[in-house]
Structures are given as C-alpha cells and as structure tokens.
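J.: Handing you this structure, nothing more for now.
Residue numbers (the working numbering), protein chains in the order written: chain W, 1 to 277; chain V, 278 to 590.
Set out below in structure tokens:
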C-alpha cells in the first residue's frame, strides 16, 4: 500500500485566471478518454463513416459520370464529373462526421451516460470538455479526409499538389459544424428534437451545389443556398481541388471562422448553464 | 495524510440559499465542518440535501449567502476546489465505455495526475474496493454494490481532503451497505472529511460525528446523533399496533402514558424513559395491541418530533 508518489506532488493548483471556473487547461484528458473509449467500443461506426462518401463517389462519379461526361470546373477548365463531385462529397463527409460526433454522440453522453456530470465533478471545467469533444470530432474528420483524398488520388482525380490542402480545409469545415452542432445539441431535450438535425442535413447535402452547379437555380434560391454553411464548404474544397483561388476562397474561410467562433462561445455558455446552474 | 492541526473549518456556509424561481430549495442554512469530521445532512427527499452538495462541489450556483471550501469560493475557483474533493453522486455515473481499472485511470487524468502516480494508485484503490479481480471487467457486468464501491474508489483517486457522498447506500442490500460503511469508516480513520446526505437514520448514526437535520431547505437541529436524541426525544419508545382502523381511535385512551404520544397511520408511538413500564400501563387500561415493541429512541424519532413527519416516505 505504500506509494512513493504523493498526490501533492502533482495536484494542479493556482489556476485563478479569468476562466478559472470554466477551464483548467486539461482538454487533453477528455481527448485521451475519447481515444480509449473508441479503441474498446465504437470503431465500427468510424469505419462505416469512411466508406459512405467513397460509395457515393463510385456510384455517382463513376456510374452517373459515364452519362454526364465532362463538366466545367472552377476556373473554366473541363473536368470529369467524378472530379467535379469528389471535393463536394469530401465536404459532406466532413460535415456528417462532425455533426454525428457533436450531436448524437454528445446528446447521449450528456443525457444518458451522465459522462459530463462525472467529468465536471473533477478539476475539469466546461471549456475543457467542449474543447476536448470538438477536437475528437476534428480528429475523426481529419482521418476521413485523408482517407478520401487518398481514394481520389488512386482514382486519378487529383491533378494538382494544391489538392492536398483539402485535408486541412476539411478540418476547418468539420470544426465549424462540430462547434455549431454541439451548441445546438445543448438545447435538445428529446430524441424527437434530435431528428430535426437529420431533417436539416439531408436537404442541405442534396441541394448545396453538391452534384450540379449553383447556376441551375433561379436567383432567390441561389442566395438562400449561398447562405447555408455546406455550400461554402463545397465551393472551398472544389476550388482547392483545382488549385483555383479567388476572393471567394477568403469569404468561404471567413464564413467558417465565424461559425467556429460563434459555436465555441455558445457551447461553453450552454455547458455552463447546463452543468453549473 | 498528515493530521490537520489548523482550527480553520474546511467547509463554512453562512446563510446559504438556492432558489429556483419562487421555490427555495435551500433556505438560508449555516454550518461549519472542521477537518476530519464525518458530517451528515439528514432529511427526507426534497429537503435540499443534494442541492447543498452541488453548491459545495461548485456545480450549482448559490442565490445568496456565503460558502467557502478550504478558504476558496467554489463558484469562482471550481476546478481548484474540486481538485481537493471526491464526489460520489446519488446515481452512479461510471464510464460504461471503459473497463473497471480504466475508469480509475481516466478519471485521475481529469485531475491532471500523471500515469506514474495513477497506475499504482488505481491498483491500491481496486484492492480497497475489493474489486481487484474485476480490474479488466466491463462496468455493466458489475453488481449494484460493486458499481457503488467503484464509484467510491474513483472518487478517491485524487486523495481528496473532503469526500462528498450523496445517499451513498440507497438501493443497496444490507450486506452491500455494511461493506460500504466499513470502507467509509476506514476513510474517516485516515483523516478524510466526510460529508454525507442520507435519509437513513441508521446510516447517520453509524457514520456521522455530527449532523444537521434538514427539512424544506432549513436546518431544524444540529448536533451529534446521541445529543440530538437526548435533546429531542426520550430514552425509549414503545411502538404499538392496533390495526390500521383502530390506531387513531385508541390514541385518546392512551393519553397520559409516557411523556408524549405520536399517532402514525400504521402505529402509535409512546415516548417514555421506561418503555416496559409504559406497556404495563397500557395493558392496565385494558388495551391490547396486536403487537408491541420497546426500542431505544433513534434519529427517526428526532425527525418526527421536529417536523411532524417521518423520514422515509
């Protein structure tokens, strides 16, 4: 029973900064917990999440692409239909992964597993939990993006080294959705409300200029689509995949930066309201 | 753990209140707990015990009053205060996605403690909780008593100075309760300050050096279990059952026996210094209860006296 190491040697002390009640600079413990839990239980969910966009790319890109032929890509050059939709599917996959992690996963941990209550009876503050959970969602998004980009490479859909930038850009997209998704989830009380998430996601996936250019819509609808987050993700990745950068690229990045900022502030505030009431 | 020689209380609450809208869950309570004491909050469900515990843990904000844990305000220094606290919530919230030993390791990481410290500590605590054989098991394969012991082991991973136990043995069978009491007693001997809420008077009598009786968010009485019983009840109690129909009607005929009479739906209680003598007086009046029992006064009687209601509803 003798223990040469005393807890006093390690106890975290002196955290009396402005965020003292919210943050203990220990989000890595939340991340380590997530990795350990993934290892032992839900890796199958992760694998299926990787294959979903790959299957879409094969059926739509290769199958439907045979009928469509070539289309006009960013910058005006003619590209194959598969090369046109591949970056869009990558954006969708970043969105789906981040939203799944930050909505259903967080909802379950918050309301059923009581995981966060346990975490918040320790030195952790709500901001540690929020950062940790969002980071996990991003890590997963980065893994998917890397895998999908590799598949694009194998299929010969990558024509410029710029395309590698799609990986960090996917993480940016995932960050925006994860931060926002978690904030929205903190307002949810029942499974029925959670279904609204799917109700929003599916049409956004189908209509955000994912499979055809925005110009097919009449002007008012174009404006509406351009206000939605996925359209910015699709356009950002499509531009990067072709190595075409314009002023619009900056707008897309800024859109996500704003989404992240609002999401993180809202999430931390909500976690505080929920757990430190 | 070295004995704490300072006279400074580890917990000090002054006029502490918590309101939810119009409703006052905790209504201006004041108490102090010195280091190393086992302090109890005894009261029925909804008395404000859990709310008080949450405010001590810094996960619930008070409406008014003052609260200091080891000299710090838990609202402003939540993580820092909780570094010294062990929390055993009313319902187990073990991490079901992790195995038994991993639950301890991961929880220790939440306190920022390194693995070199946590690994031997986790094994020591598994031993303490009598769960060494279950180290690699999944959490959902454990029995209720085992889960409770694991929750307590988990709360000790940071060698807390104060252990908060919210209804520690509710829902456990008698044997599991006694194992748990034994473990808690050992902790108390090692100098940990125990704060526990309970609505079981036997638990309060077993574990608490001192307790407050709480009802409707207010402190009704304060003292050691023995003092409270001495001050608010007689030495013995005679319990009589005449059948649920007759208990109330017969009560009038019992007037004058003992010091005080309490009529409950299922029995009549006569408070007297000598219960046997009181029973003789009852039979002398020609009354023949279906069952009779003489016992010593307990905290249950104290509560009944103070609030006019029984503890467990």
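Just so you know, even glycine gets a beta-carbon here, dropped at the ideal spot from N, CA and C.
(1) Measure the beta-carbon distance from residue 498 of chain V to residue 490 of chain V and round it to whole angstroms, keeping in mind my assumption that it falls under 8 Å.
(2) Alpha carbons only, please: which of V:392, V:289 and V:435 is nearest the one belonging to residue 349 of chain V?
(3) Can you list, in chain order, the residues of the stretch 332 to 355 of chain V whose Cβ is nearer than 7 Å to any Cβ on chain W?
(4) Once DSSP output is grouped into helix, strand and coil, what is the label at residue 297 of chain V?
(5) Among the candidates W:134, W:70, W:73 and W:117, whose CA atom is the shortest distance from the CA of residue 98 of chain W?
(6) What residue range does the beta strand (DSSP E) around residue 373 of chain V cover?
(7) In the DSSP assignment, find the alpha helix (DSSP H) that holds residue 591 of chain V and state where it starts and stops.
(8) Which value, in whole angstroms, describes the spacing of the CA atoms of residue 578 of chain V and residue 510 of chain V?
(9) Which term fits residue 543 of chain V, buried or exposed, when burial requires 16 or more other beta carbons within 10 angstroms of its beta carbon?
(10) In three-state terms, what does DSSP make of residue 163 of chain W?
(11) Rounding to the nearest angstrom, what Cα-Cα distance links residue 211 of chain W and residue 233 of chain W in this structure?
(12) Would you check if the distance between the CB atom of residue 366 of chain V and the CB atom of residue 24 of chain W is smaller than 9 Å?
(13) Would residue 567 of chain V be called buried (16 or more neighbouring beta carbons within 10 Å of its own) or exposed?
(14) Run the CB neighbour count on residue 317 of chain V, radius 10 Å, all protein chains shown included, and call it buried at 16 or more, exposed below.
(15) Checking contacts by CB at 9 Å: is residue 285 of chain V closer than that to chain W?
(16) Name the chain W residues whose beta carbon is nearer than 8 Å to that of residue 462 of chain V?
(17) Quick one: is residue 604 of chain V near chain W, going by C-beta distance under 9 Å?
(18) Touch check for the stretch 144 to 157 of chain W and the stretch 181 to 198 of chain W: three-plus C-beta pairs under 8 Å?
(19) Give the range of the alpha helix (DSSP H) segment to which residue 330 of chain V is assigned.
(20) Which bits of chain V does residue 273 of chain W rub up against, with CB to CB less than 7 Å?
(21) Along the stretch 298 to 321 of chain V, where does the CB come closer than 9 Å to a CB of chain W? Name the residues.
(22) Between residue 472 of chain V and residue 333 of chain V, how many whole angstroms is the CB-CB distance? I'm expecting something under 8 Å.
(23) Taking the alpha helix (DSSP H) that residue 152 of chain W belongs to, which residues open and close that run?
(24) I'd like the span of the alpha helix (DSSP H) that includes residue 223 of chain W, first residue to last.
(25) Between the stretch 95 to 110 of chain W and the stretch 241 to 252 of chain W, do three or more beta carbon pairs fall short of 8 Å?
(26) Pairs of beta-carbons, one from the stretch 46 to 54 of chain W and one from the stretch 379 to 390 of chain V, closer than 8 Å: are there three or more?
(27) Can you find a CB in chain W that lies within less than 9 Å of the CB of residue 459 of chain V?
(28) Counting beta carbon pairs with one atom in the stretch 309 to 316 of chain V and one in the stretch 473 to 492 of chain V, are three or more of them shorter than 8 Å?
(29) Can you say whether residue 393 of chain V is buried or exposed, counting buried as having 16 or more other CB atoms within 10 angstroms of its CB?
(30) Please list, in chain order, the residues of the stretch 110 to 127 of chain W that have any C-beta partner in chain V closer than 8 Å.
(31) Taking residue 209 of chain W as the reference, which of W:171, W:269, W:223 and W:154 has the closest Cα?
(32) Counting only beta-carbon atoms, is residue 293 of chain V nearer than 9 Å to chain W?
(33) Would you decide whether residue 69 of chain W is buried or exposed? Buried here means 16 or more other CB atoms lie within 10 Å of its CB.
(34) Measure the alpha-carbon distance for residue 494 of chain V versus residue 352 of chain V and round it to whole angstroms.
(35) Counting only beta-carbon separations shorter than 9 Å, does residue 288 of chain V have a partner in chain W?
T.: For this structure:
(1) Rounded, the Cβ-Cβ distance is 5 Å, consistent with contact.
(2) It is V:289 whose Cα lies nearest to the Cα of residue 349 of chain V.
(3) Close to chain W, meaning a Cβ-Cβ distance shorter than 7 Å, are the following residues of the stretch 332 to 355 of chain V: 334, 336, 337, 338, 352, 353, 354 and 355.
(4) Note: residue 297 of chain V maps to strand in three-state DSSP.
(5) Selected option, being the one with the closest Cα: W:134.
(6) For residue 373 of chain V, there is no enclosing beta strand (DSSP E), as DSSP marks it with neither H nor E.
(7) Residue 591 of chain V cannot be examined here, being either before or after the span of chain V that is shown, 278 to 590.
(8) The alpha-carbon atoms of residue 578 of chain V and residue 510 of chain V are separated by roughly 7 Å.
(9) Exposed is the call here.
(10) For residue 163 of chain W, the secondary structure class from DSSP, reduced to helix, strand or coil, is helix.
(11) Here the C-alpha atom of residue 211 of chain W lies approximately 14 Å from the C-alpha atom of residue 233 of chain W.
(12) A distance of 9 Å or more separates the beta carbons of residue 366 of chain V and residue 24 of chain W.
(13) Residue burial annotation: residue 567 of chain V is exposed, with fewer than 16 other C-beta atoms found within 10 angstroms of its C-beta.
(14) Looking at its Cβ environment, which holds 16 or more other Cβ atoms inside 10 Å, residue 317 of chain V is buried.
(15) Chain W, which has no Cβ nearer than 9 Å to the Cβ of residue 285 of chain V, makes this no.
(16) Those do not exist, as residue 462 of chain V stays about 17 Å from chain W at its closest Cβ, beyond 8 Å.
(17) Any property of residue 604 of chain V remains undetermined from this structure, which presents chain V solely from 278 to 590.
(18) Too few Cβ pairs lie closer than 8 Å, so no.
(19) Unbroken alpha helix (DSSP H) run through residue 330 of chain V: 326 to 333.
(20) By Cβ distance, chain V contributes nothing, its closest Cβ being about 10 Å from residue 273 of chain W, past 7 Å.
(21) Of all residues in the stretch 298 to 321 of chain V, none has a Cβ within less than 9 Å of some Cβ in chain W.
(22) Contact flag correct, Cβ pair sits at about 7 Å.
(23) From DSSP, the alpha helix (DSSP H) with residue 152 of chain W extends over 126 to 154.
(24) Judged by DSSP secondary structure, residue 223 of chain W falls within the alpha helix (DSSP H) whose first and last residues are 219 to 227.
(25) Touching, no.
(26) Fewer than three Cβ pairs drawn from the stretch 46 to 54 of chain W and the stretch 379 to 390 of chain V lie within less than 8 Å of each other, which leaves the two stretches out of contact.
(27) Among the CB atoms of chain W, none fall inside 9 Å of the CB of residue 459 of chain V.
(28) The stretch 473 to 492 of chain V and the stretch 309 to 316 of chain V touch, with no fewer than 3 CB-CB distances between them shorter than 8 Å.
(29) Exposed is the call here.
(30) Cβ contacts with chain V come from 113, 114, 115, 117, 118, 119, 120, 121, 122, 123, 124 and 125.
(31) Distance from the Cα of residue 209 of chain W is smallest, within the candidate group W:171, W:269, W:223 and W:154, for W:223.
(32) It does not: the Cβ of residue 293 of chain V has no partner Cβ on chain W nearer than 9 Å.
(33) So residue 69 of chain W ends up on the exposed side.
(34) Taking the CA atoms as reference points, residue 494 of chain V sits about 20 Å from residue 352 of chain V.
(35) Chain W contact via Cβ: absent.
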